[in-house]
Amino acid sequence: MKVSSIALLASFVTSAEALSFRDLVAKVTRRDASAAAAPQPDADAAVVVDGAADQNERDLASNCWGTTTPAAAWHPVYSAGWSQGYCRFTVDCNSPSFSTELACCKGAYSGQVSGYCVSQLPNPPTISPTPSGGLSVYYPDYDRAWPEGICINTRPMPSGRPTYSTMLACCKGAYGGQMSGKCLSQLPSPPTTAPTTSSFEADFWYPDYDTAWSMAGCKNTLPLPYNNIGDRPNYRTQLACCKAAYGGQMSGVCISQLPNPPTMSPTDASGADFWYPDYETTWSDAGCKNERPPPFNPGDRPVYSTRIQCCKSAYGGQMSGKCLSELPNPPTVAPTPSGGLSVFYPDYSKAWPEGVCVNTRPMPSGRPTYGTKESCCNGAYGGQTSQKCLCDAVGVCHSCVCGTQAERDAQGCALTCS
Numbered sequence: 001m002k003v004s005s006i007a008l009l010a011s012f013v014t015s016a017e018a019l020s021f022r023d024l025v026a027k028v029t030r031r032d033a034s035a036a037a038a039p040q041p042d043a044d045a046a047v048v049v050d051g052a053a054d055q056n057e058r059d060l061a062s063n064c065w066g067t068t069t070p071a072a073a074w075h076p077v078y079s080a081g082w083s084q085g086y087c088r089f090t091v092d093c094n095s096p097s098f099s100t101e102l103a104c105c106k107g108a109y110s111g112q113v114s115g116y117c118v119s120q121l122p123n124p125p126t127i128s129p130t131p132s133g134g135l136s137v138y139y140p141d142y143d144r145a146w147p148e149g150i151c152i153n154t155r156p157m158p159s160g161r162p163t164y165s166t167m168l169a170c171c172k173g174a175y176g177g178q179m180s181g182k183c184l185s186q187l188p189s190p191p192t193t194a195p196t197t198s199s200f201e202a203d204f205w206y207p208d209y210d211t212a213w214s215m216a217g218c219k220n221t222l223p224l225p226y227n228n229i230g231d232r233p234n235y236r237t238q239l240a241c242c243k244a245a246y247g248g249q250m251s252g253v254c255i256s257q258l259p260n261p262p263t264m265s266p267t268d269a270s271g272a273d274f275w276y277p278d279y280e281t282t283w284s285d286a287g288c289k290n291e292r293p294p295p296f297n298p299g300d301r302p303v304y305s306t307r308i309q310c311c312k313s314a315y316g317g318q319m320s321g322k323c324l325s326e327l328p329n330p331p332t333v334a335p336t337p338s339g340g341l342s343v344f345y346p347d348y349s350k351a352w353p354e355g356v357c358v359n360t361r362p363m364p365s366g367r368p369t370y371g372t373k374e375s376c377c378n379g380a381y382g383g384q385t386s387q388k389c390l391c392d393a394v395g396v397c398h399s400c401v402c403g404t405q406a407e408r409d410a411q412g413c414a415l416t417c418s
């Protein structure tokens, strides 16, 4: 090295770095002197020697400053590429060092698919395979369509797949709700239950939306006819499902499918213990029924404890008397002297001031009825200024506006009007 070059380098070195710098200069100077004193080889030998010198120089260059040479250790050979990479025992300042070859393979080539580094060990470790020769974990096979999907432990496992400790856990986690049941069928011992059909059974019940509501019931068969378990309501028992999903079902199909369908204490001809109006028949020809199943949902129609009560409430004023005529012992009506009904109703054919109560047959539909004529006037014509109705019901003795004083005197009314 020329003195001028050394002087130039020295101008950039601080006093604190002088010792290291002198060591470097001495090293380089010794190398140059040795090279000059050595005999000159031929051209081909020179290429080989220079190549070895360059490799040694690379091994000791970079951070290997000072007179202390790093101890030999295991270093990764990055020049071999990742898949063929391995570790060698050498002095190298440009790569991490490890105390053992195994530690070097684990630290520098962890995840090497080829396993080349580990295979170079004197005694390469062996992996204990699962009985089928696969991994010790299972993962979903995304290469299949979802209905045909299964869980496998085949090597190598593709990147990014979720893993499960057992095949059953994988099927539940990755293929829960799979209608085909393909994944579960691959288990060494598929779960068996006491099926109602040829399928497996779930531990819950769900409504059968694939059948018309009036003819449907609740099921627990597998596979489920829907993708996700939350897509339909589910119930712990079949009875709870029928009550919630098919309450008021007229056909009673859901309840009839129970192992022990509930029995009801019927009245009359195996009917219900209540009566309801027959809205499916014309009002004038209708009556009250207690047939099962009722043609309505609970609360959609009024119900009564007795048939006569139903007739009075739902068919009061029915001119045909159809409802009452269907009673086991139809009541007889005692006519009034004029041949009228035993009840009175307001005569809406007259104007309000002239309105009175009558019991003429037939009574128009929808009229309120009263036991006496006077009670009808009080109920239907209360506040009538003319008092026409009460004058007609009670007579001239009711008020001064009823008739003349001569008529009141003739009737012996205790009422004197000026």
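Going by our numbering, the residue at position 150 of the sequence shown is 150; the numbering climbs one at a time, nothing skipped. For every residue, glycine included, the Cβ atom is placed at its ideal position computed from N, Cα and C. Bear in mind the structure is a predicted one, so any value in this text is a computation, not a measurement.
Worksheet item: With a CB to CB cut of under 8 angstroms and the five nearest residues on each side skipped, what residues in its chain are close to Gly-340?
Response: What you label residue 340 is simply residue 340 of the sequence shown in a count that begins at 1. If we look at Gly-340 and ignore the five residues flanking it on each side, its Cβ neighbours are Val-358, Asn-359, Thr-360 and Arg-361.
Item to complete: Could you have a look at Asp-143 and say whether DSSP puts it in helix, strand or coil?
Response: Here residue 143 corresponds to residue number 143 of the sequence shown, with the count starting at 1. Coil.
Fill in: Backbone secondary structure at Leu-168 - three-state DSSP
For this step, residue 168 is matched to residue 168 along the sequence shown. Helix at Leu-168.
Worksheet item: With a Cβ-Cβ cutoff of 8 angstroms, do Pro-223 and Ala-216 count as a contact?
Response: As a first step, residue 223 is located in the sequence shown; it is residue number 223 there, counting from the start. As a first step, residue 216 is located in the sequence shown; it is residue number 216 there, counting from the start. It is not a contact, given that the beta carbons lie outside the stated cut-off.
Worksheet item: Nearest to Val-396 by alpha carbon, out of Ser-386, Cys-389 and Arg-408?
Response: On the sequence shown, position 396 is the one that residue 396 refers to. From the listed residues Ser-386, Cys-389 and Arg-408, the smallest Cα separation to Val-396 is found for Arg-408.
Fill in: alpha helix (DSSP H) segment containing Tyr-116, residue limits
If you number the sequence shown from 1, residue 116 lands on position 116. Annotation for Tyr-116: the continuous alpha helix (DSSP H) segment containing it runs 116-119.
Practice prompt. If I'm right that Trp-275 touches Tyr-304 with Cβ under 8 angstroms, what's the distance once you round it to whole angstroms?
Written response: As a working mapping, residue 275 is identified with position 275 in the sequence shown. As a working mapping, residue 304 is identified with position 304 in the sequence shown. Right, the Cβ-Cβ distance comes to about 5 angstroms (below 8 angstroms), so this counts as a contact.
Worksheet entry | Neighbourhood of Ser-214 by C-beta, 7 angstroms cutoff - its chain only, sequence neighbours within 5 removed | Within the sequence shown, residue 214 is the residue found at index 214, counting from 1. The answer, listed in chain order, is Gln-249, Met-250 and Ser-251.
Worksheet item: Distance, Cα to Cα, Leu-135 vs Ala-244?
Response: Residue numbering aside, residue 135 sits at position 135 when the sequence shown is read from its first letter. Residue numbering aside, residue 244 sits at position 244 when the sequence shown is read from its first letter. Rounded to the nearest whole angstrom, the CA to CA distance from Leu-135 to Ala-244 is 47 angstroms.
Worksheet item: Under a three-way DSSP split, which group does Pro-328 fall into?
Response: What you label residue 328 is simply residue 328 of the sequence shown in a count that begins at 1. Looking at Pro-328 - three-state DSSP - the assignment turns out to be coil, as it is neither helix nor strand.
Item to complete: Counting only the same chain and skipping the five closest in sequence on each side, list residues whose C-beta sits under 7 angstroms from that of Lys-475.
Response: The question about residue 475 has no answer, for the chain in this structure spans 1 to 418.
Discussion item. Cutting at 6 angstroms between CB atoms, please list the residues of its own chain near Ala-61, excluding the five before and the five after it.
Written reply: On the sequence shown, residue 61 is found 61 positions in, with the first residue counted as 1. At Ala-61 the pLDDT is 42, less than 50, meaning the model places this residue with poor confidence; the figure from the coordinates comes in the next sentence. Around Ala-61: no qualifying Cβ.
Practice prompt. Would you check if the distance between the CB atom of Tyr-381 and the CB atom of Gly-355 is smaller than 8 angstroms?
Written response: Reading the sequence shown from its first residue, position 381 is the one you call residue 381. Reading the sequence shown from its first residue, position 355 is the one you call residue 355. Between Tyr-381 and Gly-355, the gap from beta carbon to beta carbon is short of 8 angstroms.
Practice prompt. Measure the beta-carbon distance from Tyr-139 to Met-157 and round it to whole angstroms, keeping in mind my assumption that it falls under 8 angstroms.
Written response: Residue numbering aside, residue 139 sits at position 139 when the sequence shown is read from its first letter. Residue numbering aside, residue 157 sits at position 157 when the sequence shown is read from its first letter. So it is a contact: roughly 6 angstroms between Cβ atoms.
Fill in: Endpoints, the alpha helix (DSSP H) within which Arg-367 is located
Along the sequence shown, read from residue 1 onward, the residue named residue 367 stands at position 367. Taken as a continuous stretch (DSSP letters only), Arg-367 belongs to no alpha helix (DSSP H), as it is neither H nor E.
Practice prompt. Please confirm whether Cys-87 and Trp-74 have their CB atoms less than 8 angstroms apart.
Written response: On the sequence shown, position 87 is the one that residue 87 refers to. On the sequence shown, position 74 is the one that residue 74 refers to. Taking the C-beta atoms as reference points, Trp-74 is found nearer than 8 angstroms to Cys-87.
Discussion item. Using the three-state DSSP reduction, which class does Arg-88 fall into: helix, strand or coil?
Written reply: Against the sequence shown, residue 88 aligns to sequence position 88. Assignment of Arg-88 by DSSP, reduced to helix, strand and coil, places it in the strand class.
Worksheet item: Taking the continuous alpha helix (DSSP H) assigned at Leu-102, which residues delimit it?
Response: Start at 1 with the first residue of the sequence shown, and residue 102 comes out as number 102. Secondary structure note for Leu-102: its alpha helix (DSSP H) is the uninterrupted segment 101-108.
Item to complete: State yes or no: is the C-beta of Ser-180 within less than 8 angstroms of the C-beta of Glu-148?
Response: Taking the first residue of the sequence shown as 1, we reach residue 180 at position 180. Taking the first residue of the sequence shown as 1, we reach residue 148 at position 148. It is a contact, given that the beta carbons lie within the stated cut-off.
Worksheet item: Does DSSP put Cys-357 in a helix, a strand or coil?
Response: Counted from its first residue, the sequence shown places residue 357 at position 357. Reduced to three states, the DSSP call for Cys-357 is strand.
Discussion item. Within the continuous beta strand (DSSP E) that includes Ala-380, where are the two ends?
Written reply: The residue labelled residue 380 in the question sits at position 380 within the sequence shown. Secondary structure note for Ala-380: it is in no beta strand (DSSP E), and the uninterrupted alpha helix (DSSP H) holding it is 373-380.
Worksheet entry | Exposure of Arg-367, with buried meaning 16 or more beta-carbon neighbours within 10 Å | Translated into positions along the sequence shown, residue 367 becomes position 367. Buried, because 16 or more other Cβ atoms sit within 10 Å of the Cβ of Arg-367.
Discussion item. Going by beta-carbon coordinates alone, are Ala-108 and Phe-89 separated by less than 8 angstroms?
Written reply: For the purposes of this step, residue 108 is taken as residue 108 along the sequence shown, with counting starting at 1. For the purposes of this step, residue 89 is taken as residue 89 along the sequence shown, with counting starting at 1. No, the Cβ-Cβ distance between Ala-108 and Phe-89 is not below 8 angstroms.
Worksheet entry | Expected contact under 8 angstroms - CB spacing of Gln-384 and Trp-352 to nearest Å | Position 384 of the sequence shown, counted from the start, is the residue given in the question as residue 384. Position 352 of the sequence shown, counted from the start, is the residue given in the question as residue 352. Right, their Cβ atoms sit about 7 angstroms apart.
Worksheet entry | Per-residue burial, Ala-174 [other beta carbons within 10 Å of its own, 16 or more giving buried] | Here the question's residue 174 lines up with position 174 in the sequence shown. Its Cβ being crowded by 16 or more others within 10 Å, Ala-174 is buried.
Discussion item. Rounded to the nearest angstrom, what separates Ser-399 and Cys-288 at their Cα positions?
Written reply: The count along the sequence shown starts at 1 and reaches residue 399 at position 399. The count along the sequence shown starts at 1 and reaches residue 288 at position 288. Those two C-alpha atoms are separated by around 45 angstroms.
Worksheet item: Going by other Cβ atoms of all chains shown within 10 Å of its Cβ, with 16 needed for buried, is Ile-229 buried or exposed?
Response: Position 229 of the sequence shown, counted from the first residue, corresponds to residue 229. Exposed is the call here.
Discussion item. According to DSSP, is Trp-205 part of a helix, a strand, or is it coil?
Written reply: To locate residue 205, count along the sequence shown from 1; it is residue 205. DSSP places Trp-205 within a strand segment (E or B) once states are collapsed to three.
Practice prompt. Compute the Euclidean distance between the alpha carbons of Pro-277 and Ala-240, then round it to the nearest angstrom.
Written response: Position 277 of the sequence shown, counted from the start, is the residue given in the question as residue 277. Position 240 of the sequence shown, counted from the start, is the residue given in the question as residue 240. A direct Cα-to-Cα measurement between Pro-277 and Ala-240 gives close to 29 angstroms.
Discussion item. Tell me the rounded alpha-carbon separation between Lys-388 and Lys-350.
Written reply: Position 388 of the sequence shown, counting from 1, holds the residue named residue 388. Position 350 of the sequence shown, counting from 1, holds the residue named residue 350. The alpha-carbon of Lys-388 is positioned some 11 angstroms away from that of Lys-350.
Practice prompt. Tell me where the beta strand (DSSP E) around Lys-219 begins and ends.
Written response: The residue you call residue 219 lines up with position 219 of the sequence shown. Note, Lys-219: beta strand (DSSP E), 218-222.
Practice prompt. Measure how close the beta-carbons of Glu-280 and Pro-295 come, nearest whole angstrom, since I'm counting them as under 8 angstroms.
Written response: Here residue 280 refers to the residue found at position 280 of the sequence shown. Here residue 295 refers to the residue found at position 295 of the sequence shown. Their Cβ separation, rounded to whole angstroms, is 7 angstroms, which keeps Glu-280 and Pro-295 in contact under 8 angstroms.
Fill in: Reduced DSSP category for Ala-314 - H, G, I as helix; E, B as strand; rest coil
For the purposes of this step, residue 314 is identified with residue 314 of the sequence shown, where counting begins at 1. In the structure shown, Ala-314 adopts helical secondary structure according to DSSP, grouped into three states.
Item to complete: Could you tell me the boundaries of the alpha helix (DSSP H) in which Ala-245 lies?
Response: Mapped onto the sequence shown, residue 245 falls at position 245. Ala-245: member of the alpha helix (DSSP H) spanning 238-245, first to last residue.
Worksheet item: How is Gly-271 classed by DSSP in three states: helix, strand or coil?
Response: Taking the sequence shown and counting its residues from 1, the one referred to as residue 271 is at position 271. It is a strand residue.
Discussion item. Looking only at its chain, what residues have a beta carbon closer than 7 angstroms to the beta carbon of Cys-117, apart from the 5 residues adjacent to it on each side?
Written reply: For the purposes of this step, residue 117 is taken as residue 117 along the sequence shown, with counting starting at 1. Gly-85, Tyr-86, Cys-87, Cys-105 and Tyr-109.
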